[in-house]
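Only one structure is covered here, and it is reproduced in the block below.
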DNA sequence: ATGGGTATCCCTAGTTTAAGGGAAAATACG
DNA sequence: CGTATTTTCCCTTAAACTAGGGATACCCAT
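Chains as they are written, first to last, in the working numbering: chain A, 33 to 247; chain B, 33 to 247.
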């Protein structure tokens, strides 16, 4: 039996979810309220610890975002399925970083909700593709990683030089590059000499640091 | 018409995918090869720019991880669907941060692959629930820790070795490191020998890719 | 058709890195 | 106290990289 808790201020939706869960053979509702504050005041009376909490993020009062860490520290190991009306990548990101296990975008079908609960139950994490895209993009900017940086064109490298540069940065030796590109060792050496001149470096390390944007 | 490229070293799987894509009315294969190196050497001859590249991450030679940024800078706007045999959260994380748009865990059904391609086509991002869980956990650890200084510690490097490693990655030569740390050249050489043993690499490039790639 | 850019090839010399061997202190820990 | 770890130092060989020189051929544009 999978125990579910609900925190959702939309009365209509909450009733619908309550009803749906009650109808499931393998699920049971342990609490259902409209606000975080309400949950905080009744949680010790409710007694039973839920396996999964369906949490609306757009609540009045205490933010659902803050609620995530509150709830997961109160119920260690609980799965939190965030419900949101807005498709905001930043909110999704923050929710996931705060400990959410899934993200459900309103409006959703109850079958979809159930499916997500199932996946959470088995330790998985689910986001819809659009939210996922936004979340990954947010993560990329957060971590300043190079998503699609054109690292070589800006230095005026030729096509061939770009090929050589890519292989060099990826870790291939001159000899390996010559084999891959079907040219002699000296040709590779020649290209690299020209690359270094254009990029104004005089060693492989300097080149790597340059194209990695480290200076 | 959606144009697909394949980089996969498993001949059986590659042929299967090629065949499947050829049979789809709305897809067309623009290239198919077994290694990154091969793609780098033939890409300008292939001519047509794909909309989506199916990329095996567990390739011999240049890592598929490195390939992601190379491919996405060569084909701006391309969607990259990473195929992996291992369920490694770190790899998934790194792949997504490098610009991947989806993650497909081997073995997979071709219908599943097609579904992911469809979602990528519409700008979405897909990961299976298990990989997603690992990825989010990795992100949480990254997000909640500084994540810059302790990247060498996990390999069991000593304090001195960490100093040497940092200088090495920063671009210092053995000689420069010896001056900075006030030790002899041979001592630096010695430390680096030990570092490489611990990290299980045998060249500076491999070391750099290891420490700046997976952590 | 002359000159510039690209791409190929060769030789040579010097520097840097990689990895094998061995060895001596200092420090930490049970 | 003895043992393991850390840090230091040396020699040697092989491989890889850097950089100078020069050379041929193709394409493209002035």
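Where is the CB? At the ideal position from N, CA and C, for every residue including glycine.
Measuring only between beta-carbons, confirm whether residue i sits less than 7 Å from chain B.
i: residue 149(A); result: no
i: residue 172(A); result: yes
i: residue 146(A); result: no
i: residue 180(A); result: Because residue 180(A) sits at a pLDDT of 45, beneath the cut-off of 50, its placement in the model cannot be relied upon, and the following sentence gives the value as read from the coordinates. For residue 180(A), the answer is yes, since a Cβ of chain B falls inside 7 Å of its Cβ.
i: residue 56(A); result: no
i: residue 44(A); result: no
Does the beta carbon of residue i come closer than 7 Å to any beta carbon on chain A?
i: residue 37(B); result: no
i: residue 69(B); result: yes
i: residue 124(B); result: no
i: residue 89(B); result: no
i: residue 80(B); result: no
i: residue 233(B); result: no
i: residue 51(B); result: no
Thinking C-beta only, is residue j closer than 7 Å to residue i?
i: residue 254(B); j: residue 147(B); result: What is shown of chain B runs 33 to 247, which leaves residue 254(B) out entirely.
i: residue 88(A); j: residue 115(A); result: yes
i: residue 235(B); j: residue 212(A); result: no
i: residue 167(A); j: residue 127(A); result: no
i: residue 135(A); j: residue 163(A); result: yes
i: residue 223(B); j: residue 201(B); result: no
i: residue 41(B); j: residue 91(B); result: yes
i: residue 189(B); j: residue 160(B); result: no
i: residue 38(B); j: residue 54(B); result: no
i: residue 237(A); j: residue 203(B); result: yes
i: residue 157(A); j: residue 165(B); result: yes
i: residue 230(B); j: residue 187(B); result: yes
i: residue 220(A); j: residue 206(A); result: yes
i: residue 48(B); j: residue 121(B); result: no
i: residue 198(B); j: residue 227(B); result: no
i: residue 52(B); j: residue 113(B); result: no
Show which residues of chain B have a CB atom less than 8 Å away from the CB atom of residue i.
i: residue 141(A); result: Within chain B, no residue comes near residue 141(A); the closest Cβ sits about 18 Å away, beyond 8 Å.
i: residue 198(A); result: 72, 102
Could you work out which residues of chain A lie near residue i, taking near to mean beta carbons separated by less than 8 Å?
i: residue 158(B); result: 161, 164
i: residue 115(B); result: Neighbours of residue 115(B) on chain A: none; closest Cβ ~18 Å, over 8 Å.
i: residue 94(B); result: 199, 202, 203, 204
Starting from the beta carbon of residue i, find every residue of chain B whose beta carbon is closer than 7 Å, and list them in chain order.
i: residue 237(A); result: 203
i: residue 168(A); result: 128, 157
Starting from residue i, find everything on chain B with Cβ-Cβ shorter than 9 Å and list it in chain order.
i: residue 191(A); result: 76
i: residue 213(A); result: 69, 72, 73
Could you list which residues in chain A have their beta carbon closer than 7 Å to that of residue i, in chain order?
i: residue 241(B); result: 203
i: residue 98(B); result: 202
Open item on the list: Does the contact criterion of 3 or more C-beta pairs under 8 Å hold for the segment 80-92 of chain A versus the segment 149-159 of chain A?
Closed with: yes
Please confirm if the segment 92-106 of chain A is in contact with the segment 54-64 of chain A, defined as three or more CB-CB distances below 8 Å between the two stretches. no
(Q) Could you tell me which whole alpha helix (DSSP H) segments of length 4 or greater appear in the segment 63-97 of chain B? (A) 68-78
- Query: Could you give the uninterrupted runs of the alpha helix (DSSP H) lying entirely in the segment 207-236 of chain B, keeping only those of 4 residues or more?
  - Reply: 217-231
Mind listing, in chain order, the continuous alpha helix (DSSP H) runs of no fewer than 4 residues lying wholly within the segment 97-140 of chain B? 121-130
| message | For a minimum of 3 consecutive residues, which ranges assigned as the beta strand (DSSP E) are wholly contained in the segment 142-169 of chain B? | response | none
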